[in-house]
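Going by the numbering used here, the residue at position 362 of the first sequence is 1245; the numbering climbs one at a time, nothing skipped. We treat Cβ as the ideally placed atom computed from N, Cα and C, and that holds for glycine.
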Amino acid sequence: MALVLYNTLTRRKEAFEPLKPDHVGMYVCGPTVYDSAHIGNARPVIVFDVLYRLLTRLYPAVTYVRNITDVDDKINQRAKDLGEPIDIITARTTKMFHDDIAELNVLPPTIEPRATAHINQMIAMIETLIAKGFAYEAEGHVLFSVPSMSDYGSLSRRSMDEMIAGARVEVAPYKKNSADFVLWKPSTPDLPGWDSPWGRGRPGWHIECSAMSGQYLGTTFDIHGGGQDLVFPHHENEIAQSVCANGAPFARYWLHNGYLMVEGEKMSKSLGNFFTVRELLAQAPGEAIRLCMLSSHYHQPFDWTAEGLKQARATLDRLYTALRSANVDAEPGAAPIEVMAALEDDLNTPLAIAHLHELATALNKAESNADKAKAKAALLASGQVLGVLQQDADAWFKWQPDGAAAGLSDSEIEALIQARTDARKAKDFAESDRIRKHLIDLGIILEDFPQGTTWKRV
RNA sequence: GGCCGGGUGGCAGAGUGGUGAUGCAGCGGACUGCAAAUCCGCGUACGUCGGUUCAAUUCCGGCCUCGGCCUCCA
């Protein structure tokens, strides 16, 4: 089995062959740090985290770059609205982002470059583009000249005519062509700015990714990922900048995750159907949010629903139940072939999850300790590739939201269970059922096993 | 208008030119003091109309329908 990926460039699945057979390079567009991460931001972070985990199992070395965009007009606006310094906002939002996605079991990328630390590289790239005739200066701006690139639009499959016809905004007077886009723009004294050959200014939106991917992965690299909404204009423009500046191909495989909907409707602030990761973490464990996201194929639109989240929790309940019931030690080794095969087929996470269920059934049916250990190891290893099932099962079942209107403490629950066990031994089933009913009313479900009684919060 | 994706059983959601997805829900059974969990069994699913084929949910075409993008957006 070999890795196959759907490449937006060719609109088909292709066998993945890295430039260097022993070292894969991947770049994924990270967040603009002006506001809390929402589930739409979380999807690519989770999806490409799975791809990263998969790649590290298939290749000796993987460099995964995910940037932080900390210079942007949305950030400037936020600073103005809040009356706070920009660096305070970006530092705080970055910290929140890291905290949130850690709850989602997302591994840190190899390198997480910040845009503001790479202004010099951006300026150098812009100078090259001007020198090569792909960009021009106008009224303190530097613009990329779209007509100067013959095959502009190849990723999003748009022609120049379409883009001109489709222009919805007023074209800035300094643009030679309405499709031209900004590489550098002037800053007023109240805005962040850096000295440049074109005066004090700040970079346009797209140039940072070209500059940083080039620095850390080289001019031509393997995989570039992001949300489908970035295909045009962001990724199209990244390609234009990098290809024209470097005179070399840019990313070889382009991967895009589908859009996120909420309860069947497009997620948007005006509809109010907008969840931040933090809000969801108050409702469900991060692991359930993660599994929920992975329960449909990354390329499909994903409909986020309360029911879906509930099902993801139920799935993890089932899997952790199997792990908890198997009283054997097991060290996860390599993930089973069928799970790897599913993931290697363009990251078919729903199929991989189906295999998780089959592994759990096998574990539940295993009788000898050897069989149990084997099945448990397979399930744990599979969970590892997907980034789930890595915590202690008891911890999973005891989860409750932070600052939950504190119900019974763990020790109070265990005391009641002991009382019930004593009643059962005395055949006082009226009393034991009364205790069980009492706990159910408090959201605690008991399960009796030969080895003893376990409990879980619902 | 241009360009993209979709329409699978009650629900979610893979996949395939010809027997099984998987899970949840439901029904029956085993187990249990009773439950829960677990195991076993149970479902005339592939928008529509045509075409190709020995055979189509799967390939091709028309139609209906849903959603997205077209320089704010993961």
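The distance from the Cβ of L1239 to that of G1266 is about 7 angstroms, consistent with a contact at the 8 angstroms cut-off. Only buried fits T915, as 16 or more other CB atoms lie within 10 angstroms of its CB.
Per DSSP, reduced to three states, the secondary structure at Y1136 is strand. Judged by DSSP in its simplified three-state form, F931 adopts helix.
Secondary structure note for F1280: its alpha helix (DSSP H) is the uninterrupted segment 1276-1281.
About 5 angstroms separates the beta carbon of T993 from that of Y947, a gap short enough to meet the 8 angstroms contact definition. The segment 1023-1032 and the segment 1070-1088 touch, with no fewer than 3 CB-CB distances between them shorter than 8 angstroms.
Annotation for I951: no beta strand (DSSP E) segment contains it, and DSSP assigns it neither H nor E.
In the structure shown, the three-state DSSP call for F1312 is helix. Taking a C-beta distance under 8 angstroms as the contact criterion, T1336 and L1329 qualify as a contact pair. Within the model, the alpha-carbon separation for F1280 versus I958 is close to 40 angstroms.
Taking 8 angstroms as the cut-off, the beta carbon of I1327 is found closer than this to the beta carbon of R1340. When only Cα atoms are considered, E1221 and A1243 end up about 14 angstroms apart.
Annotated three-state conformation of T993 is coil, per DSSP. Counting only the Cα atoms, N1156 lies some 36 angstroms from H1321.
Sequence-distant Cβ neighbours of P1168 in its own chain, meaning closer than 6 angstroms and more than five residues away, are W1282. Annotation: N1060 is outside any alpha helix (DSSP H) and is labelled neither H nor E by DSSP.
Of the candidates S1292, A1213, A1209, the residue whose Cα lies closest to the Cα of E1250 is A1209. By the 16-neighbour rule on beta-carbons within 10 angstroms, G966 is exposed.
Segment contact: the segment 1003-1017 against the segment 1125-1139, three or more CB-CB distances shorter than 8 angstroms; contact assigned.
Following the DSSP letters along the chain, one finds F1332 inside the beta strand (DSSP E) bounded by residues 1327-1332. Taking the Cα positions, H1139 is about 44 angstroms away from I1323. In this structure, DSSP gives E1170 a helical state, which the three-state scheme calls helix. Comparing C-alpha distances from F899 to each of Q1183, I1106, F1185, S1093 shows the shortest one belongs to I1106.
Straight-line spacing of the CA atoms in Y910 and P927 works out to 12 angstroms. In the DSSP assignment, R1161 falls within the alpha helix (DSSP H) that extends over 1160-1164. A buried status is given to P1219, since no fewer than 16 other beta-carbon atoms sit within 10 Å of its beta-carbon.
Judged by DSSP secondary structure, A1237 falls outside any beta strand (DSSP E) and instead within the alpha helix (DSSP H) spanning 1232-1248. Taking C-beta separations shorter than 6 angstroms and ignoring five residues to either side along the sequence, the partners of I984 in its chain run V928, following chain order. Runs of alpha helix (DSSP H) with 4 or more residues, each lying fully within the segment 1091-1144, are found at 1119-1129, listed in chain order. The alpha carbon of D1112 has as its nearest neighbour, out of V1065, L1143, I1236, Y1136, the alpha carbon of L1143. Here E1170 is buried: its Cβ has 16 or more other Cβ atoms, across all protein chains shown, within 10 Å. Residue burial is scored here from C-beta neighbours: I1090 has at least 16 other C-beta atoms within 10 angstroms and is therefore classed as buried. Take the alpha-carbon of L1226 and the one of A1235: they are about 7 angstroms apart.
Beta-bridge analysis with DSSP links T915 to T952.
Per DSSP, the unbroken alpha helix (DSSP H) holding R975 starts and ends at 969-986.
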